[in-house]
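Residue numbers (the working numbering): 187 to 733.
These notes concern the structure reproduced below.
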Amino acid sequence: MYLADLEYAARMPWPAEVDPDRVREATDRLIAHVAGRVDADGALREECRSRVLESALALSLMTRTGAGGDSPARERLLGFLRAHQDAPDQLERVLATLAVGRATGLGSAGDTGLVAQLTEGVLGDAPGFISARRRMMVCAVLSVLGCPLPPEVLAAVADEVPSDPLHSWAAVQQASVTLILAAAAGVENEVTAAALETLAATEPATTVWEGYALMHLLVLHGLAGFPGNEETVRRGLETLLRHQRADGGFPFVLEMHNWCTSTAGTALVAAGAPTELLRRMAGMLARHQGGAAPASLSRGATLTDGWSMSEIVAQNDVDDTSCALEFLQAVDPIAYGDSVQRGVAGLLAVQGADGGFPTYVAGASSEPCMTAAAVCGLAAHPGTLPARERALAFLVGSQLEDGGFEPGWSRSRLHTIFRARLAACTADPRDHHVARMAERIERTVLETQNEDGGWGMQPGDPSDDISTAYGLITLCYGTDHRPVGGALSWLLARQNADGGYGGPPDMVGPRPFPYSFPILTDAPVLLAFGHVRSRIRHMESVLQGAN
Numbered sequence: 187m188y189l190a191d192l193e194y195a196a197r198m199p200w201p202a203e204v205d206p207d208r209v210r211e212a213t214d215r216l217i218a219h220v221a222g223r224v225d226a227d228g229a230l231r232e233e234c235r236s237r238v239l240e241s242a243l244a245l246s247l248m249t250r251t252g253a254g255g256d257s258p259a260r261e262r263l264l265g266f267l268r269a270h271q272d273a274p275d276q277l278e279r280v281l282a283t284l285a286v287g288r289a290t291g292l293g294s295a296g297d298t299g300l301v302a303q304l305t306e307g308v309l310g311d312a313p314g315f316i317s318a319r320r321r322m323m324v325c326a327v328l329s330v331l332g333c334p335l336p337p338e339v340l341a342a343v344a345d346e347v348p349s350d351p352l353h354s355w356a357a358v359q360q361a362s363v364t365l366i367l368a369a370a371a372g373v374e375n376e377v378t379a380a381a382l383e384t385l386a387a388t389e390p391a392t393t394v395w396e397g398y399a400l401m402h403l404l405v406l407h408g409l410a411g412f413p414g415n416e417e418t419v420r421r422g423l424e425t426l427l428r429h430q431r432a433d434g435g436f437p438f439v440l441e442m443h444n445w446c447t448s449t450a451g452t453a454l455v456a457a458g459a460p461t462e463l464l465r466r467m468a469g470m471l472a473r474h475q476g477g478a479a480p481a482s483l484s485r486g487a488t489l490t491d492g493w494s495m496s497e498i499v500a501q502n503d504v505d506d507t508s509c510a511l512e513f514l515q516a517v518d519p520i521a522y523g524d525s526v527q528r529g530v531a532g533l534l535a536v537q538g539a540d541g542g543f544p545t546y547v548a549g550a551s552s553e554p555c556m557t558a559a560a561v562c563g564l565a566a567h568p569g570t571l572p573a574r575e576r577a578l579a580f581l582v583g584s585q586l587e588d589g590g591f592e593p594g595w596s597r598s599r600l601h602t603i604f605r606a607r608l609a610a611c612t613a614d615p616r617d618h619h620v621a622r623m624a625e626r627i628e629r630t631v632l633e634t635q636n637e638d639g640g641w642g643m644q645p646g647d648p649s650d651d652i653s654t655a656y657g658l659i660t661l662c663y664g665t666d667h668r669p670v671g672g673a674l675s676w677l678l679a680r681q682n683a684d685g686g687y688g689g690p691p692d693m694v695g696p697r698p699f700p701y702s703f704p705i706l707t708d709a710p711v712l713l714a715f716g717h718v719r720s721r722i723r724h725m726e727s728v729l730q731g732a733n
């Protein structure tokens, strides 16, 4: 979320149609809205909202095991899913309808054509390097909801244990999916035995491993297909029910305290929030460096001395680490110097041979979004210059013909774009390759701005709060003030009475399934106001100098 030097903002005037005082007022209201949700210890502990995917899997598990009966928990879950049978999203609609139909005995199973249609739709929104894993996961989910699997999927049940670099979540997901598909195909061999061993290590009877509700459900469904696991599955479902949301559904994950705190914290720094609040938040993050425990299920070198998404999660990642580094450096690089230096070393240790950065483990595929995040996290450290130059070269080589990049961890095309533009601000101005990348970014953002001044998640989509924030940040470092004024006007008109923002969520997990934390809408808008704040301050300093 790198806040670039003001020289980039000096190239264009302030948009005449926007009153700077109105921007200040909106920023102050949003700061207060975000700051009011920070706990006494500095953590921003928001609850992940219920999602159809996990809720459908939970109801299906109750149905196949006979657990829950007519319990209040089951009735509340049925109510949540019934309310989503007419959802605008096709996958949500199908998942809810299949789960309710099986639970009530009033529905029929889907067909293989539906499986193919939905998997192709999902794969179109996910990076190519995860397509095989994602296809199998979608097939497994639809299988436990009653859809017959196509012959080619049944034939693809693995006959050997893969050894490619995988982070712990992917290893457990792969083992769960393998068991679900193997049970559907009637296969039991050394591969299923190894998968059962992997799932046992997550201790599903007593804990939601890594706070990952979706993975817990996939584990239980995987175990349920093989005899001898009945008691584990029953107790695992009881463990999950302790985390049922008030609306009757279940979330993707139980918490993301580190990610919410660092993301909001970086935005608060940019927007000029009180120092005492920022120090409290930074102290919380420094205390939770390193993850909960070793992520022993990973098949690859993990990011040590970094940050995970929450203190109950062992799996550190480049995104959380990069954002935490930026925040701690911005608040006090001296006080948090030890944490910062260890985090920098952790990031550098997972940089790929191609110069890019993966999300989780060394040797995995490098990703443009993670690479841009890492560049910004490392920007304050001169000694990392060679690593950053290699990373920027990877970004340049990853740019698509339309000026964008492959999907990252957001449904919004502009998420990786705005991060890559900020990463470009850290480059030597004489680097013509990076400058050309930045020009192409600016052009594609300008060309896809909607007539109302905002941006949608994909070109042609209706404007939304998050994508518009990403677009605004990008164009703060462009050369044309007119689209900046349009984007600011759109965001100012969208602010809620409580000072916050709304609209559809953009973050996805696992890709490309969206999940929702309210703060992850407020934070990018506040960050955008922070970048605009730099322009206001620069404009006023110029005016004062002229007088």
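Virtual Cβ for every residue (Gly too), placed ideally from N, Cα, C.
Quick caveat: nothing in here was measured; it's all calculated off a predicted structure.
Please return the same chain residues whose Cβ sits closer than 7 Å to the Cβ of residue 642, not counting the five positions on each side in sequence. Here residue 642 refers to the residue found at position 456 when the sequence shown is read from its first residue. 636, 648, 649, 650 and 653, listed in sequence order.
Can you say whether residue 569 is buried or exposed, counting buried as having 16 or more other CB atoms within 10 angstroms of its CB? Translated into the one-based positions of the sequence shown, residue 569 becomes position 383. Classification of residue 569: exposed, given that the 10 Å Cβ count is below 16.
Applying the 10 Å Cβ sphere with the 16-neighbour rule, what's the burial state of residue 276? To locate residue 276, count along the sequence shown from 1; it is residue 90. Residue 276 is exposed by the Cβ-count criterion.
Quick one: Cα of residue 686 to Cα of residue 456, how far? In the sequence shown, the residue the question calls residue 686 occupies position 500. In the sequence shown, the residue the question calls residue 456 occupies position 270. If I take the Cα positions, the gap works out to 17 Å.
Any idea what DSSP makes of residue 544, helix, strand or coil? Walking along the sequence shown from the start, residue 544 turns up at place 358. Coil at residue 544, not helix or strand.
Taking DSSP's pairing of strands, which residues face residue 715 in a bridge? Here residue 715 refers to the residue found at position 529 of the sequence shown. None, per the DSSP bridge assignment.
Would you mind sorting residue 614 into buried or exposed? The rule is 16 or more other CB atoms within 10 Å of its CB. Taking the first residue of the sequence shown as 1, we reach residue 614 at position 428. The residue in question, residue 614, is exposed, as its Cβ has fewer than 16 Cβ neighbours within 10 Å.
The alpha helix (DSSP H) enclosing residue 656, as first and last residue numbers: One-based indexing of the sequence shown puts residue 656 at position 470. That run of the alpha helix (DSSP H) goes 651-661.
Tell me whether residue 596 sits in a helix, a strand or coil according to DSSP, three-state version. Along the sequence shown, read from residue 1 onward, the residue named residue 596 stands at position 410. Note: residue 596 maps to strand in three-state DSSP.
Buried versus exposed, by CB contacts within 10 Å (16 or more), residue 713: For the purposes of this step, residue 713 is taken as the residue at position 527 of the sequence shown. Buried, because 16 or more other Cβ atoms sit within 10 Å of the Cβ of residue 713.
Touch test, the stretch 513-533 against the stretch 563-580, Cβ-Cβ under 8 Å, three pairs minimum: yes
Would you say residue 353 and residue 684 are within 9 Å of each other, going by their C-beta atoms? One-based indexing of the sequence shown puts residue 353 at position 167. One-based indexing of the sequence shown puts residue 684 at position 498. No, Cβ-Cβ distance for residue 353 and residue 684 is not below 9 Å.
Excluding five sequence neighbours on each side, which residues of the same chain lie with their C-beta closer than 8 Å to the C-beta of residue 359? As a working mapping, residue 359 is identified with position 173 in the sequence shown. These residues qualify, in order along the chain: 319, 323, 401, 404 and 696.
Taking C-alpha atoms, which residue in 283, 448, 225 and 336 lies nearest to residue 272? Counting from 1 along the sequence shown, the entry for residue 272 is found at position 86. Selected option, being the one with the closest Cα: 283.
Over what stretch of residues does the alpha helix (DSSP H) that includes residue 497 continue unbroken? Within the sequence shown, the letter at position 311 stands for residue 497. That residue, residue 497, is in no alpha helix (DSSP H); it is neither H nor E in DSSP.
For residue 249, the nearest candidate out of 217, 212 and 330 (CA to CA): Counting from 1 along the sequence shown, the entry for residue 249 is found at position 63. Checked all of 217, 212 and 330; the closest Cα to residue 249 is 330.
Would the beta-carbon of residue 232 fall within 9 Å of that of residue 442? Position 46 of the sequence shown holds residue 232. Position 256 of the sequence shown holds residue 442. Yes, Cβ-Cβ distance for residue 232 and residue 442 is below 9 Å.
Going by beta carbon distance, what residues of the same chain come within less than 6 Å of residue 212, once the five residues before and after it are set aside? Mapped onto the sequence shown, residue 212 falls at position 26. These residues qualify, in order along the chain: 678 and 681.
Taking Cβ to Cβ, would you say residue 399 is nearer than 9 Å to residue 437? Translated into the one-based positions of the sequence shown, residue 399 becomes position 213. Translated into the one-based positions of the sequence shown, residue 437 becomes position 251. It is a contact, given that the beta carbons lie within the stated cut-off.
Do you know whose CA, among 303, 527 and 268, lies nearest residue 292's CA? As a working note, residue 292 is residue 106 in the sequence shown. Ranking the options by Cα distance to residue 292, first place goes to 268.
Give a yes or no on whether 9 Å exceeds the smallest Cβ distance from residue 686 to chain C. Protein chains in the displayed structure number just one, and chain C is not present.
Beta-carbon proximity check, residue 254 vs residue 423, cutoff 9 Å: Indexing the sequence shown from 1 puts residue 254 at position 68. Indexing the sequence shown from 1 puts residue 423 at position 237. Yes.
What residue does the alpha helix (DSSP H) around residue 225 start on, and which one ends it? Within the sequence shown, residue 225 is the residue found at index 39, counting from 1. First-last for residue 225: undefined, no H or E at that position.
Rounding to the nearest angstrom, what Cα-Cα distance links residue 566 and residue 515 in this structure? In the sequence shown, residue 566 corresponds to position 380, counting from 1. In the sequence shown, residue 515 corresponds to position 329, counting from 1. About 8 Å.
Could you check the C-alpha separation between residue 549 and residue 384 for me, to the nearest Å? The residue given as residue 549 occupies position 363 in the sequence shown. The residue given as residue 384 occupies position 198 in the sequence shown. When rounded, the distance between both Cα atoms is 21 Å.
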